[in-house]
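**Q** Right, I'll just put the structure down here and ask away after.
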Amino acid sequence: MEILTKKIVFTGGGSAGHVSVNAAIIPEFLKNDWDVTYIGSKKGIEKNIIETEFPEVRYETISVGKFRRYLSVENMKDPFRVIKGIFDARKILKKTKPDFIFSKGGFVSVPVVLAGRMLRIPIAIHESDYTPGLANKIAMPLASKIFTTFQETEKELPKEKAMYLGAVLRDGIFTGNASAGKAFCGFTNNKPVLLVMGGSLGAVKINNLITDNLDALLKDYQIIHICGKGNVKSELKQRGYAPFEFVHEELFDLLAAAEVVVSRAGSNSIFEFLGLQKPMLLIPLSANASRGDQILNASSFEKQGFCKVIQEEELNDRIFNATLADLLKKSDEYQEKMRQKRPFKTAAEMYELLLKVMAAKK
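Numbering (my numbering), first residue to last: 2 to 363.
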């Protein structure tokens, strides 16, 4: 059935990973004259990203509850927040009347999906990780279509709903200029460039590993270190070391400049490294600090020969330095493995696929 009104509602938030795919494909909808609404929380990271990058998108807020796996007084309040969120979302959806909802997950998405189902609006869900997060587990039975990033994930979901497509990568990822990235950091061509993505939540250990071993690392590498808000140590700034709290449009050039990447194992990031054929050393967030999704993400990539992995519990200076040196030495082998795969869609490809699949669900 043909899409008639050209209206879409996006939702997802709580972390950058729950916004990145939305942010990648929103420009395609805007370019094709869709009316775009984003439903998020009042204070979540999604509000800052969407309002900063897409001022033309209407941003609506709802009440949000968090589904905790631990005891907390807040657990008693959250069911009421979720119920209010459902009524908030229902009101927005009745006013907006979208052709379909695209949900990236996170707790803010649950009331939107529940309200969408009540109003019989087709719902597409995207799951980035190897195993679904709690919010998507709740939402999946209500979805019309579930897109997966990992092929293994598709096999665990209902066949009539699931579709493996790989990651959805931002178009800008492939436009980076290595020379511009090095110039931005004041780097030369004399040493390989190491990009450390330590800015995400829970990456304190990676940040400390780099700063504690900076003198030794600078003998062999030039280092771009994305540390996160408030984590740049100005006294350590020196030739060959470029620390940043965050980077925005410069990121694509910095990725192009990097010979090797050190990072956590969030799905969106590691698929971007894969798309760019960047050898990567992944240090997944431990199961003590997460639901273990990054461990599974990293394990899948390691089995396919895309990366080296150090578990956080095993991380020390000696293992890190030896693993990094071996990765750089064998970088051609890793890049060849990555060249043999194309497990991703561009934003334009995802846009066309969504229209085709969701039109059939109306």
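The beta-carbon is built from N, C-alpha and C at its ideal position, and this holds for glycine as well.
Please check the pair K43 and V358, which I expect to be a contact at CB under 8 angstroms, by giving their CB distance rounded to whole angstroms.
**A** The Cβ separation is near 32 angstroms, so there is no contact.
**Q** Classify I320: buried if its beta carbon has 16 or more other beta carbons within 10 angstroms, exposed otherwise.
**A** Flag for I320 reads exposed.
**Q** Nearest CA to the CA of K331: which residue from I284, M164, E260, E29?
**A** Of I284, M164, E260, E29, the residue nearest in Cα terms is E260.
**Q** By Cβ distance, which residues of its chain are closer than 6 angstroms to A116, with the 5 residues on each side in sequence left out?
**A** I87, A90, R91, L94, listed in sequence order.
**Q** By DSSP, does S21 sit in helix, in strand, or in coil?
**A** Reduced to three states, the DSSP call for S21 is helix.
**Q** May I ask you to report which of helix, strand or coil DSSP gives V83?
**A** Reduced to three states, the DSSP call for V83 is helix.
**Q** Name, in chain order, the residues that DSSP records as bridge partners for F245.
**A** Its beta-bridge partners are I227.
**Q** Between which two residues does the alpha helix (DSSP H) containing I50 stretch?
**A** Segment 46-54, the alpha helix (DSSP H) holding I50.
**Q** By Cβ distance, which residues of its chain are closer than 6 angstroms to S21, with the 5 residues on each side in sequence left out?
**A** The residues are N269.
**Q** Straight-line CA distance for K98 to A360?
**A** So the two alpha carbons sit approximately 15 angstroms from each other.
**Q** Between the segment 121-133 and the segment 33-41, do at least 3 Cβ pairs fall closer than 8 angstroms?
**A** Touching, no.
**Q** Ignoring anything shorter than 3 residues or poking outside the segment 284-355, list the beta strand (DSSP E) runs there in chain order.
**A** Correct list: 308-310, 345-347.
**Q** If you pair each beta-carbon of the segment 213-226 with each one of the segment 271-287, do three or more pairs fall below 8 angstroms?
**A** The segment 213-226 vs the segment 271-287: no contact.
**Q** Determine the extent of the alpha helix (DSSP H) in which I211 is found, giving its start and end residues.
**A** From DSSP, the alpha helix (DSSP H) with I211 extends over 205-213.
**Q** Using CA coordinates, which residue listed in L252, R118, A326, I126 is at the minimum distance from C186?
**A** Looking at the Cα atoms, L252 is the closest of the given residues.
**Q** So what does V65 bridge to, in DSSP terms?
**A** Per DSSP, none; premise fails for V65.
**Q** Using a Cβ distance threshold of 8 angstroms, determine whether the segment 242-258 contacts the segment 174-188, with at least three qualifying pairs required.
**A** Yes: the two stretches touch, three or more of their Cβ pairs being nearer than 8 angstroms.
**Q** Helix or strand or just coil, what does DSSP make of V252?
**A** It is Leu, not Val, that sits at residue 252 in the sequence shown. The answer is helix: DSSP assigns L252 an H, G or I state.
**Q** Taking the beta strand (DSSP E) that A163 belongs to, which residues open and close that run?
**A** 163-165 is the span of the beta strand (DSSP E), which, as asked, contains A163.
**Q** Check F148 in the structure and name its three-state DSSP category.
**A** F148 falls in the strand class under three-state DSSP.
**Q** Mind checking whether T149 and A163 have CB atoms under 8 angstroms apart?
**A** It is a contact, given that the beta carbons lie within the stated cut-off.
**Q** Give the C-beta separation of I225 and L196 to the nearest angstrom, bearing in mind that I take them to be a contact with Cβ-Cβ under 8 angstroms.
**A** Contact holds; Cβ gap of about 5 angstroms.
**Q** Going by DSSP in three states, S104 sits in which element: helix, strand or coil?
**A** In the structure shown, S104 sits in a strand (DSSP, three-state: E or B).
**Q** Who are the Cβ neighbours of K48 in its own chain at under 6 angstroms, not counting the five residues just before and after it?
**A** Within the same chain, K48 has close Cβ partners G41.
**Q** In whole angstroms, what separates the C-alpha of N298 from that of G177?
**A** Taking the straight line from one Cα to the other gives about 25 angstroms.
**Q** Helix, strand or coil, according to DSSP, for G41 in the structure here?
**A** Strand.
**Q** With DSSP collapsed to three states, give me the class of Y154.
**A** Tyr is not the amino acid found at residue 154; the sequence shown has Thr there. Of the three classes helix, strand and coil, the one that applies to T154 here is helix, per DSSP.
**Q** Which one of F307, S129, I51 has the shortest CA to CA distance from F1?
**A** The question about residue 1 has no answer here: the residues shown for the chain are numbered 2 through 363.
**Q** Using the Cα positions of P80 and L158, report the straight-line distance between them to the nearest angstrom.
**A** So the two alpha carbons sit approximately 27 angstroms from each other.
**Q** Assuming N354 and L166 make a contact with CB atoms under 8 angstroms, what is their CB distance in whole Å?
**A** For the sequence presented, residue 354 should be read as Leu rather than Asn. Confirmed, about 7 angstroms.
**Q** Alpha carbons only, please: which of S16, G15, N137, E61 is nearest the one belonging to I9?
**A** When only C-alpha atoms are compared, the closest one is E61.
**Q** Go ahead and pull the three-state DSSP assignment for S129.
**A** Coil at S129, not helix or strand.
**Q** Give me the Cα-Cα distance between L72 and V194, rounded to the nearest whole angstrom.
**A** Residue confidence for L72 is low, a pLDDT of 48 falling below 50, so the modelled location carries little weight; the figure read from the coordinates is stated next. C-alpha separation (whole angstroms): 44 angstroms.
**Q** Roughly how many angstroms lie between the CA atoms of F30 and E52, to the nearest whole one?
**A** Taking the straight line joining both Cα atoms gives about 16 angstroms.
**Q** In three-state terms, what does DSSP make of S268?
**A** Helix.
**Q** V113 by DSSP, collapsed to three states: which one?
**A** Three-state result, V113: helix.
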